[in-house]
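K.L.:
The following block contains the structure, expressed as structure tokens.
Residue numbers (my numbering), protein chains in the order written: chain P, 16 to 419; chain Y, 2 to 156.
In structure tokens form, the structure reads like this:
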């Protein structure tokens, strides 16, 4: 068994502040206060930490940009709106180590000079939200928020529950949701670090990303590089489900082979896996030697995405799986731009026909054309990636990789 | 105006007073309205317009956007059955069919308004597929027996 970093408290969760402090917690926050905002941003930047929500953007660059903004009204948002199909690692992280996530959040707020932060938890994660609320209360009562705001002022953290909308995990849609509007994404640029929540400079990070921060600040920039690869430092959480005997959340250093993850989760004799969630790619046994890292996935035309992995045995109808993904996107499209609103519906109709074996013969060609239109012309990532899995399935079918 | 509606308007005013009048509080207010009335009544949108200066059209926009808000009444308790990829591999469709048989049509309150069921997007409970939420708590893996109990009013 490999050393567990992010999941080290998973077997014996520290659910009250005393237990968390006794197991080494809060040392990162103490060090952050001692070394100052600029140094915290430098360390996080040098550590090579990349956002774990799916896009893999360097966290330090975001923080430095917000820290250096001319405007003094700034925000920090913790994106806990986990809703990528097949993804549940943030829920497990929140439920088993809420204080480590919150410590990372507080360090982030301090680093960028935010006076106000929002923790946006998906509406269906009520238990996780209640736990976070209680833990936040303990931290506040013990004085750990004091003086973290700009110029030693107060820091306020507000917990928000979503309303049941996948698109609100997209950062600009999430801002609109907090502001009191429909969660419709906005065109970027401007990026959130320049004009985010309430059009002010905003740092927004995923739960798993900030969970890395306390250790990075405590141990210095080289610590994260003790795990993983040159271009993907650190460890990654994977949510494994589907046809597997031990579904659950697993942690591996970047660069570990996909086969190792499958073995851990008890996934054997597979036809394929879907890696990266609904916007992920289908991978077949010939690719199970793939190193799980940003660059390793990229080389095979795949993506780690949120780290979701759904396993399929030889009897699974992958067109039926694709139909489910198509239904998901058609349902979750916010409807604001035409390529995505109409495209996801047409895509779903064709996938339904293929899953039921009543295709007219030209679906694959049309799906590929539609994929190009949605990728080129949609406003946000939902439309850009709604056809990624479908495209990978069509390619795999062409190479004769599908069973049956 | 009937007494029930007058009382409902009074309650919505109280919820707004507790939650806040700023536009940024709109979703939290609507979630509380949904929680109490099991839908967002048209009259609630009018109260929100008066108290929060949010046009009725905007409230309607949010209610039709977010899955956890509904225009029409749902059950006081809702069974949400995930229909996405991982749960589909583990028989989610058959469970939805069972719910239709045991409880009734999707999104229609049954048992005197006590209960309704709906299909929903991935709940993030994939390791316990097929997943459902009942009374906002995970009910996973969902079984036919559990659906039967709920449908029979025994859960």
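Virtual Cβ for every residue (Gly too), placed ideally from N, Cα, C.
1) Along the chain, where does the alpha helix (DSSP H) containing residue 88(Y) start, and where does it finish?
2) Rank 49(Y), 20(Y) and 22(Y) by C-alpha distance to the C-alpha of residue 10(Y) and give the top, closest one.
3) Would you mind giving the Cβ-Cβ distance between residue 117(Y) and residue 148(Y), rounded to the nearest angstrom? I have them listed as a contact below 8 Å.
4) Drop a sphere of 10 angstroms on the beta-carbon of residue 50(P), count the other beta-carbons inside from all chains shown, and report buried for 16 or more, exposed for fewer.
5) Give me the subset of the stretch 93–124 of chain P whose CB atoms are less than 7 Å from a CB atom of chain Y, sorted by chain position.
6) Given that a residue counts as buried once 16 or more other Cβ atoms are within 10 Å of its Cβ, and exposed if not, what is residue 67(P)?
7) For residue 390(P) and residue 102(P), what's the separation of their Cα atoms in angstroms?
8) Compare the beta carbon distance of residue 175(P) and residue 140(P) with 8 Å and say whether it is the shorter of the two.
9) Please confirm if the stretch 90–101 of chain Y is in contact with the stretch 116–135 of chain Y, defined as three or more CB-CB distances below 8 Å between the two stretches.
10) Between residue 210(P) and chain Y, is there a C-beta pair that is closer than 8 Å?
11) Quick check on residue 345(P): buried or exposed, where buried means 16 or more other Cβ atoms within 10 Å of its Cβ?
12) Quick one: is residue 29(P) buried, meaning 16 or more other Cβ sit within 10 Å of its Cβ, or exposed?
13) Between which residues of its own chain and residue 388(P) is the CB-CB distance below 8 Å, once the five residues before and five after are set aside?
14) Quick check: what's the CA-CA separation for residue 31(P) versus residue 378(P)?
15) Is the stretch 29–40 of chain Y close to the stretch 161–179 of chain P, with three or more CB pairs under 8 Å?
16) For a contact defined as C-beta to C-beta under 9 Å, what are the partners of residue 109(Y) on chain P?
17) What in chain P is Cβ-close to residue 67(Y), meaning under 9 Å?
18) Please determine, among 410(P), 79(P) and 96(P), the residue with the shortest C-alpha to C-alpha distance to residue 59(P).
19) Please confirm whether residue 11(P) and residue 321(P) have their CB atoms less than 8 Å apart.
20) According to DSSP, is residue 1(Y) part of a helix, a strand, or is it coil?
21) How about residue 291(P): is its C-beta nearer than 8 Å to some C-beta of chain Y?
22) For residue 129(P), which of 81(P), 186(P) and 220(P) has the nearest alpha-carbon?
23) Under DSSP, the beta strand (DSSP E) around residue 263(P) begins and ends at which residues?
P.N.:
To lay it out plainly:
1) In the second chain, counting from the first residue as 1, residue 88(Y) sits at position 87. Counting along the chain, the alpha helix (DSSP H) containing residue 88(Y) begins and ends at 86–90.
2) Walking along the second chain from the start, residue 10(Y) turns up at place 9. If we check each option's Cα against that of residue 10(Y), 49(Y) comes out closest.
3) Counting from one through the second chain, the residue named residue 117(Y) turns up at place 116. Counting from one through the second chain, the residue named residue 148(Y) turns up at place 147. About 13 Å; that fails the 8 Å criterion.
4) The residue you call residue 50(P) lines up with position 35 of the first chain. Per the 10 Å Cβ criterion, exposed.
5) Going along the stretch 93–124 of chain P in chain order, one finds 97, 98, 100, 101, 102, 103 and 106 with a Cβ nearer than 7 Å to chain Y.
6) Residue numbering aside, residue 67(P) sits at position 52 when the first chain is read from its first letter. With 16 or more other Cβ atoms within 10 Å, it is buried.
7) Here residue 390(P) is taken as the residue at index 375 of the first chain, counted from 1. Here residue 102(P) is taken as the residue at index 87 of the first chain, counted from 1. So the alpha carbons of these two residues sit roughly 23 Å apart.
8) Here residue 175(P) refers to the residue found at position 160 of the first chain. Here residue 140(P) refers to the residue found at position 125 of the first chain. For the pair residue 175(P) and residue 140(P), the CB atoms are not nearer than the 8 Å cut-off.
9) The stretch 116–135 of chain Y and the stretch 90–101 of chain Y touch, with three or more beta-carbon pairs separated by less than 8 Å.
10) On the first chain, residue 210(P) is found 195 positions in, with the first residue counted as 1. False, the Cβ-Cβ gap to chain Y never drops below 8 Å.
11) On the first chain, residue 345(P) is found 330 positions in, with the first residue counted as 1. Buried, by the Cβ-count rule.
12) As a working note, residue 29(P) is residue 14 in the first chain. Buried, by the Cβ-count rule.
13) For the purposes of this step, residue 388(P) is taken as the residue at position 373 of the first chain. Taken in chain order, the residues that qualify are 354 and 358.
14) Walking along the first chain from the start, residue 31(P) turns up at place 16. Walking along the first chain from the start, residue 378(P) turns up at place 363. Their backbone Cα atoms lie some 55 Å apart in a straight line.
15) Contact between the stretch 29–40 of chain Y and the stretch 161–179 of chain P is present, because at least three Cβ pairs lie under 8 Å.
16) As a first step, residue 109(Y) must be located in the second chain, where it is residue number 108. Those do not exist, as residue 109(Y) stays about 19 Å from chain P at its closest Cβ, beyond 9 Å.
17) Residue 67(Y) sits at position 66 when you count from the first residue of the second chain. Those are 138, 177, 178, 179, 180, 183, 192, 197 and 198, listed as they occur along chain P.
18) Counted from its first residue, the first chain places residue 59(P) at position 44. Distance from the Cα of residue 59(P) is smallest, within the candidate group 410(P), 79(P) and 96(P), for 79(P).
19) In the structure as shown, chain P begins at 16 and stops at 419. Residue 11(P) is therefore absent and cannot be evaluated.
20) Nothing in the structure corresponds to residue 1(Y), since chain Y is present only between 2 and 156.
21) One-based indexing of the first chain puts residue 291(P) at position 276. With 8 Å as the cut-off, residue 291(P) does not count as an interface residue toward chain Y.
22) For the purposes of this step, residue 129(P) is taken as residue 114 along the first chain, with counting starting at 1. Nearest C-alpha to residue 129(P): 81(P).
23) Counting from one through the first chain, the residue named residue 263(P) turns up at place 248. 263–268 is the extent of the beta strand (DSSP E) around residue 263(P).
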